[in-house]
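Residue numbers (the UniProt record's numbering): 1 to 351.
Ideal Cβ positions, reconstructed from N, Cα and C, are used throughout, including at glycine.
Everything numeric in this text was worked out from a predicted model, so none of it was measured.
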């Protein structure tokens with residue numbers, strides 16, 4: 001008799017274990033499907049983000065080629081037109097221009113041109129308006145008095161054109177480097193987001209890095225009209241599943257962007273909290289009505305328009321945080337919604 005009961009108990013435990021394994025596999029598949037669905041929505045945005053630095057690199061390469069050709073043709077005449085002291089001034093002006101150059105808005109350029117035009121006129125520089133334009137393009141915005149011998153030179157237009165070509169070489173090279181770094185950051189962020197945890201084991205990771213990856217992924221939707229305020233404190237690394245946490249941060253930041261309709265303020269706070277790491281993501285969107293807040297973590301529940309959300313993002317995020325022995329909470333009012341995530345620091349608490 002006891003043998004029969006033990007046999008039945010063993011069978012039921014085996015069935016229960018199989019059911020739990022199936023449930024875990026289903027949940028993992030759901031997480032991966034949600035990640036891939038979000039990735040599909042990001043494709044157009046990421047393509048634009050990649051094309052922007054690639055376009056800058058292409059333009060810079062063309063500018064460099066043109067500037068090199070023109071400069072090589074003109075450089076031999078430098079000794080012919082300028083004496084030794086004037087050549088020193090020329091290279092000093094070039095160094096000044098390279099160090100001071102920064103891209104600026106048209107309105108800023110107009111304001112500088114008015115100021116520079118007035119200064120050049122006072123020094124009785126011929127064609128002062130044209131020269132003011134050239135100086136601003138080169139990167140000289142003020143304090144032209146040390147370079148008056150060049151500006152009053154009979155070959156001033158030739159001097160400034162050569163100077164423009166040489167500074168353009170340096171500036172376009174910097175643009176190329178910056179664009180390559182930008183493209184690399186995008187690819188790195190996308191690679192981190194799409195990464196699959198094959199081993200299925202926790203590893204030491206920094207939460208801040210994961211949040212920055214999520215921000216990088218949505219950079220194109222953030223950069224124009226959303227102000228991001230980072231309030232990051234020093235935190236230790238924690239044992240976690242980094243790729244799953246990146247999915248959490250991506251879900252939460254994406255929700256915040258949509259809630260603000262891509263304009264507003266996004267505040268991200270990271271700080272230690274009594275043996276935990278606390279992350280708060282606050283948006284200035286319309287808020288979630290009080291009567292819906294209890295449902296917000298329910299599977300397939302969404303406040304987004306048809307086709308813009310599966311209703312699984314927050315539910316999956318909560319499951320991932322729970323898997324890490326953490327907790328997720330929401331507070332919302334008109335103009336302010338905050339998601340708070342807490343994760344344990346001590347590895348023994350999440351084993």
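If I follow the unbroken beta strand (DSSP E) through residue i, where does it start and stop?
| i | result |
| --- | --- |
| residue 344 | 336–344 |
| residue 203 | 203–205 |
I'd like the list of long-range same chain contacts for residue i, defined as Cβ closer than 7 Å, with 5 residues on each side in sequence excluded.
| i | result |
| --- | --- |
| residue 237 | 204, 205 and 206 |
| residue 137 | 164 |
| residue 209 | none |
| residue 56 | 175 and 179 |
| residue 198 | Because the pLDDT at residue 198 is just 49, under 50, the model does not fix this residue reliably, and the value given afterwards should be weighed accordingly. Once the five neighbours on either side are set aside, residue 198 has no close Cβ partner at all. |
| residue 63 | 168 and 172 |
| residue 345 | 236, 238, 275, 276 and 277 |
| residue 284 | 260, 264, 265, 335 and 336 |
| residue 147 | 89 and 93 |
| residue 162 | 71 and 74 |
| residue 253 | 214, 215, 218 and 281 |
| residue 331 | 338 |
| residue 58 | none |
Assuming the contact rule is C-beta atoms closer than 8 Å, residue i and residue j should be a hit. Round their C-beta distance to whole Å, please.
| i | j | result |
| --- | --- | --- |
| residue 105 | residue 140 | That belief does not hold up - the Cβ atoms of residue 105 and residue 140 are roughly 18 Å apart, past 8 Å. |
| residue 211 | residue 249 | 5 Å |
| residue 267 | residue 231 | 7 Å |
| residue 240 | residue 315 | Wrong, their Cβ atoms sit about 19 Å apart, outside the cutoff. |
Using the beta-carbon count (16 or more within 10 Å), is residue i buried or exposed?
| i | result |
| --- | --- |
| residue 322 | exposed |
| residue 242 | buried |
| residue 326 | buried |
| residue 91 | exposed |
| residue 89 | buried |
| residue 259 | buried |
| residue 177 | exposed |
| residue 282 | buried |
| residue 69 | exposed |
| residue 145 | exposed |
| residue 218 | buried |
| residue 125 | buried |
| residue 318 | buried |
| residue 229 | exposed |
| residue 108 | exposed |
| residue 60 | buried |
| residue 97 | buried |
| residue 342 | buried |
| residue 101 | buried |
| residue 256 | buried |
Put residue i into one of helix, strand or coil per three-state DSSP.
| i | result |
| --- | --- |
| residue 236 | coil |
| residue 108 | helix |
| residue 360 | Any answer about residue 360 is impossible in this case: the structure gives the chain only from 1 up to 351. |
| residue 317 | helix |
| residue 278 | strand |
| residue 285 | coil |
| residue 210 | helix |
| residue 333 | strand |
| residue 231 | strand |
| residue 181 | helix |
| residue 243 | helix |
| residue 137 | helix |
In the DSSP assignment, the alpha helix (DSSP H) including residue i goes from what residue to what residue?
| i | result |
| --- | --- |
| residue 94 | 84–100 |
| residue 124 | Note, residue 124: premise wrong, no alpha helix (DSSP H); not H, not E. |
| residue 272 | That residue, residue 272, is in no alpha helix (DSSP H); its beta strand (DSSP E) goes 264–273. |
| residue 81 | 78–81 |
| residue 219 | 219–222 |
| residue 75 | Where residue 75 is concerned, there is no enclosing alpha helix (DSSP H), given that its DSSP letter is neither H nor E. |
| residue 149 | 148–151 |
In its own chain, which residues sit with a C-beta less than 8 Å from the C-beta of residue i, not counting the 5 before and 5 after it?
| i | result |
| --- | --- |
| residue 110 | none |
| residue 225 | 262, 263 and 264 |
| residue 166 | 67, 71 and 94 |
| residue 158 | 74, 77 and 81 |
| residue 333 | 287 |
| residue 149 | 85, 86 and 89 |
| residue 133 | 113 |
Ignore the nearest five residues each way along the sequence and tell me which others in residue i's own chain have a CB closer than 6 Å to its CB.
| i | result |
| --- | --- |
| residue 280 | 269, 338 and 340 |
| residue 329 | 340 |
| residue 429 | With the chain covering 1 to 351 only, the question about residue 429 has no answer from this structure. |
| residue 151 | 125 |
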